[in-house]
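Below is one structure, written out as structure tokens; comments come after it.
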Amino acid sequence: MNDQNIITISCLTKFYKGSDKPAVDDISFNIKQGEVFGLLGPNGAGKSTIINILCGLLTPTNGQVTIHNLILGKNNYKIKELIGVVPQDIALYPSLTAMENLIILGKIYGLKGKDLSNRIYELLTMFGLEKSKDRRISYFSGGMKRRMNLIAGIIHNPKILFLDEPTVGIDVQSKKVILDNLREINKLGTTIIYTSHLMEEVQKICTRIAFIDEGKIIAEGIPSELIKSDPAFFNLEDVYLKLTGKKLRD
Ligand code: ADP
Ligand code: MG
380 MNDQNIITIS CLTKFYKGSD KPAVDDISFN IKQGEVFGLL GPNGAGKSTI INILCGLLTP
440 TNGQVTIHNL ILGKNNYKIK ELIGVVPQDI ALYPSLTAME NLIILGKIYG LKGKDLSNRI
500 YELLTMFGLE KSKDRRISYF SGGMKRRMNL IAGIIHNPKI LFLDEPTVGI DVQSKKVILD
560 NLREINKLGT TIIYTSHLME EVQKICTRIA FIDEGKIIAE GIPSELIKSD PAFFNLEDVY
620 LKLTGKKLRD
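Anchor point for the sequence shown: position 237 equals 616 in the working numbering, and the numbering is continuous, going up by one each time.
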């Protein structure tokens with residue numbers, strides 16, 4: 380891979396049907412192997428649109444993306460094996476149990492038998508859900524659903540993991556379990572691309588970030604270096620405020 384770039388994005392643009400304003404506006408950036416890369420920006424900035432394009436759920440209007448040297452749009456079948464996706468909305472069968480959901484999903488990825496059951500137990504334990512394995516998802520708390528949503532995205536041990544606001548609206552305990560495990564997964568070699576509008580969280584977990592506003596990248600860098608770039612900055616919120624004149628709101 381050139382310069383260890385695991386993802387390259389050039390001139391990416393997305394117009395939704397019927398809109399004359401692009402949701403993503405001529406964006407170019409690269410993600411290196413082993414990074415936890417954060418896409419940070421307010422609601423409506425274009426984060427989900429970018430993630431959904433990168434994981435093959437949306438077709439861009441313009442631009443080119445390569446993932447692990449494979450061209451998105453041409454090699455999607457191979458790319459699907461390499462990536463995991465944790466969408467912003469919970470993507471689980473509510474009337475099935477945790478175990479049933481994971482068995483179905485594992486089978487879709489070609490896992491079976493002992494390998495599949497070992498993997499399911501490993502993940503349920505890692506995320507503190509082993510005791511709830513036979514409960515229906517509809518009875519889970521918001522935090523438990525978020526943890527399950529994450530497990531569903533990593534059951535096949537992807538090389539690259541996309542997460543779209545994985546901690547929105549959950550309890551502190553679930554948030555900690557998710558962030559701690561993401562760090563662990565990253566240490567084991569998975570590159571992570573993470574969107575959020577919560578700056579504290581991004582500051583905690585991301586090795587590099589891009590600020591997104593109105594479909595454009597307005598700054599990119601290592602969180603600590605962005606903060607150091609001006610003595611008046613104490614955190615990422617200050618950097619964003621200076622760049623846009625706007626606050627990043629909940
Ligand atoms: P974010 O994830 O940062 O909140 P989105 O990518 O969801 O932002 O949205 C970016 C822009 O695109 C917003 O203006 C939003 O209203 C618009 N948008 C998102 N999804 C659609 C859609 N399916 N059809 C039309 N417009 C959309
Ligand atoms: Mg979004």
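For every residue, glycine included, the Cβ atom is placed at its ideal position computed from N, Cα and C.
1) Let me make sure I understand the geometry here. Which of Met523, Cys585, Lys393 has the alpha-carbon closest to that of Ala470?
2) Does DSSP classify Asn381 as helix, strand or coil?
3) In chain order, what residues of the same chain have a beta carbon less than 8 angstroms from the beta carbon of Glu479, not counting five sequence neighbours either side?
4) With DSSP run on the structure shown, which of helix, strand or coil describes Ile596?
5) Are Gly420 and Asp617 close, meaning C-beta to C-beta below 7 angstroms?
6) So, is Lys457 buried or exposed, given that buried needs 16 or more other C-beta atoms within 10 angstroms?
7) In whole angstroms, what is the alpha-carbon distance linking Asp543 and Leu615?
8) Are the beta-carbon atoms belonging to Ala589 and Leu418 less than 7 angstroms from one another?
9) Using only the alpha-carbon positions, how far apart do Leu451 and Met578 sit?
10) With a cut-off of 8 angstroms on the beta carbons, I'd call Asn560 and Phe612 a contact; round off their distance for me.
11) Take Ala402 and list the residues in its own chain whose beta-carbon comes closer than 8 angstroms to its own, dropping the five residues that flank it on each side.
12) Answer with buried or exposed for Gly485, where buried requires no fewer than 16 other C-beta atoms within 10 angstroms of its C-beta.
13) Kindly indicate the opening and closing residues of the beta strand (DSSP E) around Tyr573.
14) Using 10 angstroms around the beta-carbon of Val465, count the other beta-carbons present and answer buried if the total reaches 16, otherwise exposed.
15) May I have a chain-ordered list of the alpha helix (DSSP H) segments no shorter than 4 residues that lie completely inside the region 518 to 593?
16) Flag Pro575 as yes when its Cβ comes closer than 6 angstroms to any non-hydrogen atom of the ligand MG, and as no otherwise.
17) For Glu616, name the three-state secondary structure that DSSP assigns.
18) Need the endpoints of the alpha helix (DSSP H) that Ser608 sits in, please.
Let's see:
1) Met523
2) Confidence at Asn381 is low in this model, with a pLDDT of 49, below 50, so its placement is unreliable and no value can be given for it.
3) Tyr472
4) strand
5) no
6) exposed
7) 19 angstroms
8) yes
9) 30 angstroms
10) At roughly 30 angstroms, the Cβ-Cβ gap does not stay under 8 angstroms, so Asn560 and Phe612 are not in contact.
11) Lys393, Phe394, Tyr395, Gly425, Thr428, Gly594
12) buried
13) 570 to 575
14) buried
15) 521 to 533, 551 to 566, 578 to 584
16) Strictly speaking, residue 575 in this sequence is Ser, with Pro absent from that position. Checking the Cβ of Ser575 against the ligand MG gives no.
17) helix
18) Counting along the chain, Ser608 falls outside any alpha helix (DSSP H), and DSSP gives it neither H nor E.
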